[in-house]
Amino acid sequence: MNNAFGEDVGKIPLTVFGGAVTEMAPSDLPEGASPFNQDCDFLPGSVFTRGGRQSVYSLSGSQNFNYVKTFEEFAGLALFTLALDAGGTLWQEDVLNNPGVLSPIFTVIAPNTFAKSVTFSSREFIAFTDLVQGTDMPRQWDGTNLDRISQVGPGAAPGFATSSSNSKVQSIVQQSPVLFPTGAHDFISVGSGPVGLGTPFSPGNVCTLQPRTSFVRPANIVPGSNIVITGAPLLNGFNINNDPTGLTNPAYWTVTSLGPVIPTNSTSNWITFQVPFTAFFSLNNLSGINVQCTQATLTTQGQVPYLEVGNQFTLTGVTPAGWNNVFTVQTTPNAAVLQVTQTLLQNNVAQYTYVLQSGTQPTVGQSINVNGTLNGNGIFNVRNAAIISISANTFSVQIVSPNIGAAAESNATASVYGTIFLFDPAGVVTPPIIGNAGATGAIATSGVMGVGTRQAVVIFKTRNGALTPPSPFVQFNITGATSAITATNIPIGPADVVARIIAFTGAGGANFFWIPTPQTVISNGQNVTYSATIINDNISTQATFSFPDQLLLDATAIDIQGNNLFAQLELGSCRGFLTYADRLIAWGVNNKIQNLLSLSFDGGAGTQVDLTTNTSRLFPLGWTIDPTNGAGSTMLTSALFGQSFYIQNLSGVTQSLYGMITQPAYVNQLGTPIVTAATKYSCRVTLRSPTGAATGNLVVDFFSPVLNQIFGSFSIPLSSLTTSFQILSGTMLTVPFATVPKDLVIRIYAQNIPNLGDVEIDRIEPFPTLQPSFSTQFFASYAFNQEAFDGVTGLFGPAQNQQRANGGMVLFDTLYMLKESSWFSTTDNGVTEPNQWNWKTVSDTVGTIGIHSYDYGEAWAVSACRAGLYLFEGGEPIKISQEIQTVWDLINWKVGHTIWVRNDSATKTIKIGVPIPTPNKYMPEMPANANPTSPNVVLSMSYRELNTGAMLAATAPIRSSYSGRLLSPEPARKWSFWNIAAPCGENIDRGNNSKMLFLGSGYGNSKIFQLSMTQLSDDGSAINSFYLTHGMPKPEIAAAHNVDVLRSQFDYMQLLVAGSGNLQVFVFPEDPQNIPYTLDSPPLSAITQGDTEVTVNVKGQRHYIRVGTNAVGSTWSLSTIIAAFSEDPWAPVRGTAVGAV
Amino acid sequence: MIDRLGFLKEILNRDPHLGKLLENILDSFDGLSNQLGVNPHGKVQPPDQLKAINIAAGTDHIHVTLHDPSAGRKGVQYIVEWANNPAFAGAHPEDLGSSRERMLHLPAKDSNGNQLTYYVRAFHQLPGSDPSKPIVFGGKFAPTAVQLTGNSKLTPLASQGSGTAPSDGSRPGYGLGKDIRRPLPGPKVPVPPRAV
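So the sequence lines, in the order shown, correspond to chains A and B.
Our numbering applies: residue 10 is where the first sequence begins, and numbers increase by one.
Our numbering applies: residue 193 is where the second sequence begins, and numbers increase by one.
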């Protein structure tokens, strides 16, 4: 009998619909709590079907998506979505210009790879990982190029040769003497100074030639110039004539000041100099006195490159012989410095538009140097090129090249070396007046560059602005005659290299510097431009440099803290990236021997003749082709990045040892050990066989030629390879060296390779077997230098335990490291590199389980670890998942690293993708998956109306009332379990100021989903969404509503429910595990027409009401249940010891 | 960045006494930093370049004076470096402390009686800053050579540098140092890093 009316019927309302609380027995749950529910979402006061999975893109395929991420460029002017499928294809969506369309940008990422990335400086830095360790190489995406993050430096240094500049002397001319005027007002005085009309004020040693009448002062006289006076009579007994021998008087006077007209005295062009006596006189009407400037003008028959102001030169074979000495250039009147403003190349003629900055206009036939042009990848930068034509503001030189369009230049200069040099022999030779010379003798530069031993290295500069580690160094000597250094065989880098940099030490120095841009300095009042030591192209193999050490030592140092290129490492594969303090920080970085050269074969290529084929072939610099077994190899452009090493047997027969290359493995150039004793080694090799060789092996081994012994090897059967690259690893040295042989080499070669067999190797990575990765540390770049990872100062982490670092976050200007079950913090101290930052413990028990198992809220963070989900606000992490601990414990923790956590601040929901065996007690109707290895369920926690982290932490779904009775409060944390398989989840910027949770499909259909409330299915499948109430009525509630607290009859219920389709209603008597009573399925309308009434007529102590829908197009939203109970009319008590439904 | 004022306000609302104490401590930090010429979170801006360096040379000593008209700050230290080459490779530092002048006693000739030529430059530095840009007597690209007229003979030993610069004199111009700590000397290419 259905009876919802009458005094004996209690009508118990339920208006609080809390989340799942699985930790308590269902019968113990207070009013409003749910034993479990599926695919529900919550608002205060209501529960409803979650949004359906809606495919965002229209891709056909059968892959899962393992990564999706927003990539924002240029302060939001460009917005992309990046996605990686399990097949290894990286996709991109242009959110602003072509939304909804994914386009592939790279297709050969290692399959089954996940990713963790960060946007930094308009680039996306992506770590590829299997979630446990780094797999594929880390890359950066700038919207155009997907380059490796950091790379090896050149495998070999250039050759260096020094040169001196010389020419023949055309003439040397000294100015003729000038006669001092004779007149009543033409004075020579000695006193304290030149003031007064021929009358010094007080005694002194300043001699002044003080004419009033017209006097042409010897040209080029400036303070500091030297003059010679002859023909002067004794002046008051003093002799001011210079002694050519310098014995009785100085051989010359040095001008200390010059004067214009002295006001009121009509005296002009006076000259002062100091004399070696003190006097107080002035005399006029003197005659026969000559003043001659000692400065000489040297004209050479050709330009003298690199001879600049301040440089020295040596004259030889000149007549008069007094000129044959070493002098210093004071000015170079016809040298010129030009600013190049545009370049253009047509028909093998390069035309430069210029503005004259100093000196004289260049002329046809002169040699010219050009620096700093960028057009044509630097092809316009020439040294000593002959000018073939000149117009008003352009000059041209010949460059053989295809045409290159005109482009403006912003930082380019040109310099024309002079043929006229002014110098002063005074102080160098005595007498300083030597006499003019004709076309006799020669000039050579001397001491242009600092004399002494120097070292030099070459560095690659990439299109991303990164500088690689330097090559090995070369040492050479600079002699006094050297005017320039010429680098030859400069390595050409892989395709991403845009420039090469030569760094030098100062003369006799040990520290390396390079000059980034041409430097124009003012020397002796004249502009002098020195070349940069960067070659702005990846083409030329020769360059010449000349610079003073003053300039070099003040340029960019490459071996100082914070910019030590020698300590930089090529970053190995890693598990994730974050940014902090303007640094890029990686974790879980794979280890490898770092001081072997060019392990990725990106250190440039050398050329050698293959003796078997007598053809020229390439080999990786840093490696040596084995003279016996080295045939058959070359280098290719790798499909992955940079260059690869390729062995192919075209000899017609099977080769036992083939394509062998070697390099020393004992110590490097600086004596630093490479392979160390007492260490086992393994090796990763990335390789493929393009033609699919069926037999033979690729071998990497350690070998001692002297002992003729292989100590360890890693051999890969070619038959195991495919035509696609794969990364294989294995042990290489299983018995460690007690003493490393001094001739130890590492070799790569093919073994027993059949005719036409081949193998292509992208990289090898030998590493200590017991230290395959820096699993417990962060690895930070230098500040503002995202690809510069210092192997000494960049590795940092807490030393407290050996747990793996699974993630990092930045909160409150503090860097946090999250390990498996511990948590640490550090801050940038602003003055040291990261290895000297101090670490503090946040928690010894709470950490994070995987690289994606944490996320941020507003000034708080959440993290999932084995113990539960924790909230962190800066103090002790607080657990916020205790209410579902029984579910948490069901997670397949063997693959706990696959868990992802995402917080949606807009909807105030935390979603956690977990691998959990289904069905289970709390997810009884989910698809069968007994051993999930990837998240197959999303645990969703709604925290609406909990506006701070503290409220979220404090407002559990169960709390105690003042009387001690348990309550389920509203608002509170509300959990629901969602049937969604998603290897990854990410909040994605859709370009309309909103973010959507995107879920990588775990259904093998190449889809990415978003959740939409208007999508009434999961990608076309029904959403089995239901909510289960607590066991009604609770005794205290029943008593309050006049319902017998013993066995009752559930008569009837009213539901305030809206939706579409038909509502499925069940009542579970006594326990949710029991078989339910299926009630009527009333139709749902979008707008309620009044409460839906359902007849129940079930008897028992407690009744769990389940409502939901499970059909495509169906949805529901429930906000009130009024349940009518009355005393069981037949059996209020049954009198049995054991209950029965 | 931590919103220091925002955090303080929040703490002041919650616990006024604690808030005032923290406010006082933070103000004290700022005052202390100002007094010492340091920045607890990084480096202080280096002082402006000195305006002039003057030298009078005698027989066996030179008198160096520095002209620094910039707005001064307590704790600034003046440093003079001299070298026998214009590139100042292996330059010898002389810490003038707070003084802007020093009489330097230098040998006129080396131990073999050869005339020594000196080049001199100067800079200044706060304890928490990098050194200022050096000023070279005579100018950077035309430094004035200084020779002494006496007969004292001594070949100077190699410079040992100063501050946290390497102890082989290879990094002149460092003054108190640019790095807060100096690593132990080692090869340019480090030993392969070891996982902890």
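Glycine residues also receive a C-beta, built at the ideal position from the N, C-alpha and C atoms.
Here the structure is a predicted model, which is why all the values come from computation and not from measurement.
For the candidate residues the options, whose alpha-carbon lies nearest to that of residue i?
i, options, result
"A:Arg626", "A:Gly613, A:Pro636, A:Gly641, A:Asp635", "A:Gly641"
"A:Lys470", "A:Asp568, A:Arg509, A:Ile452", "A:Arg509"
"A:Leu1055", "A:Leu1037, A:Glu418, A:Arg1143", "A:Arg1143"
"A:Glu1136", "A:Asn1106, A:Thr1124, A:Gly1122", "A:Asn1106"
"A:Thr895", "A:Glu882, A:Leu716, A:Pro926", "A:Pro926"
"A:Thr439", "A:Gly489, A:Tyr261, A:Gly517, A:Gly381", "A:Tyr261"
"B:Ile245", "B:Leu258, B:Ile254, B:Asn343, B:His253", "B:Leu258"
"A:Thr529", "A:Val141, A:Pro673, A:Met644, A:Asn380", "A:Asn380"
"B:Gln269", "B:Leu376, B:Leu368, B:Arg373, B:Arg374", "B:Leu368"
"B:Arg363", "A:Pro478, A:Val923, A:Val338, A:Gly518", "A:Gly518"
"A:Gln142", "A:Asn599, A:Pro527, A:Leu753", "A:Asn599"
"B:Glu286", "B:Asn304, B:Arg373, B:Val312", "B:Val312"
"B:Lys370", "B:Lys325, B:Lys345, B:Leu296, B:Lys243", "B:Lys325"
"A:Ala401", "A:Leu365, A:Ala446, A:Ala124", "A:Leu365"
"A:Ala345", "A:Ser367, A:Gly461, A:Val327, A:Ala330", "A:Ser367"
"A:Pro500", "A:Leu243, A:Pro481, A:Thr488, A:Asn996", "A:Pro481"
"A:Ile1017", "A:Ala95, A:Glu32, A:Val466", "A:Ala95"
Look up residue i in the DSSP assignment and say whether it is helix, strand or coil.
i, result
"B:Pro384", "The predicted model places B:Pro384 with a pLDDT of 47, which falls under 50 and marks its position as unreliable, so this point remains unresolved."
"A:Ile114", "strand"
"A:Phe575", "helix"
"A:Thr309", "strand"
"A:Asp752", "coil"
"A:Asp37", "helix"
"B:Glu202", "helix"
"A:Glu774", "strand"
"A:Val507", "strand"
"B:Ile217", "helix"
"B:Leu210", "helix"
"B:Arg196", "helix"
"A:Phe26", "coil"
"A:Leu948", "strand"
One question on the structure: do residue i and residue j come within less than 8 Å of each other, judged by their Cβ atoms?
i, j, result
"A:Asp145", "A:Phe137", "yes"
"A:Tyr1113", "A:Pro120", "no"
"A:Met818", "A:Phe787", "no"
"A:Thr372", "A:Tyr363", "no"
"A:Ala512", "A:Ser555", "no"
"A:Tyr836", "A:Thr823", "Per the sequence shown, the amino acid found at residue 836 of chain A is Thr instead of Tyr. In contact: A:Thr836 and A:Thr823 (Cβ atoms closer than 8 Å)."
"A:Gly2", "A:Pro966", "With chain A covering 10 to 1150 only, the question about residue 2 of chain A has no answer from this structure."
"A:Leu1127", "A:Leu1025", "no"
"A:Asn473", "A:Gln718", "no"
"A:Thr337", "A:Ile429", "no"
"A:Ser1090", "A:Gln1073", "yes"
"A:Gly905", "A:Ser890", "no"
- prompt: Does the region 159 to 169 of chain A come close enough to the region 178 to 185 of chain A to have 3 or more Cβ pairs within less than 8 Å?
  reply: no
Interfacial residues, the region 331 to 344 of chain B to chain A, with Cβ spacing under 9 Å: Gly331, Lys332, Phe333, Ala334, Pro335
Where the region 212 to 236 of chain B meets chain A: residues whose CB sits under 9 Å from a CB there: Asn231, Pro232, His233, Gly234, Lys235
query: Hey, is the region 311 to 329 of chain A in contact with the region 444 to 458 of chain A, meaning 3+ C-beta pairs nearer than 8 Å?
result: yes
query: Can you list, in chain order, the residues of the region 341 to 374 of chain B whose Cβ is nearer than 7 Å to any Cβ on chain A?
result: Taking 7 Å as the Cβ-Cβ cut-off, the region 341 to 374 of chain B approaches chain A at Ser362, Arg363, Asp371, Ile372, Arg373, given in chain order.
query: Taking contact to mean at least 3 C-beta pairs separated by less than 8 Å, is the region 60 to 80 of chain A in contact with the region 28 to 38 of chain A?
result: Here the region 60 to 80 of chain A makes no contact with the region 28 to 38 of chain A; the two share fewer than three CB pairs at distances below 8 Å.
query: In the region 501 to 519 of chain A, which residues sit with their C-beta less than 9 Å from some C-beta in chain B, listed in chain order?
result: Among the residues of the region 501 to 519 of chain A, those with a Cβ less than 9 Å away from any Cβ of chain B are Gly515, Ala516, Gly517, Gly518, Ala519, in the order of the chain.
query: Counting pairs of Cβ atoms below 8 Å between the region 928 to 938 of chain A and the region 949 to 966 of chain A, do you hit three or more?
result: no
query: Taking Cβ-Cβ distances below 9 Å as the criterion, which residues of the region 274 to 292 of chain B are in contact with chain A?
result: Asn277, Pro278, Ala279, Phe280, Ala281, Gly282
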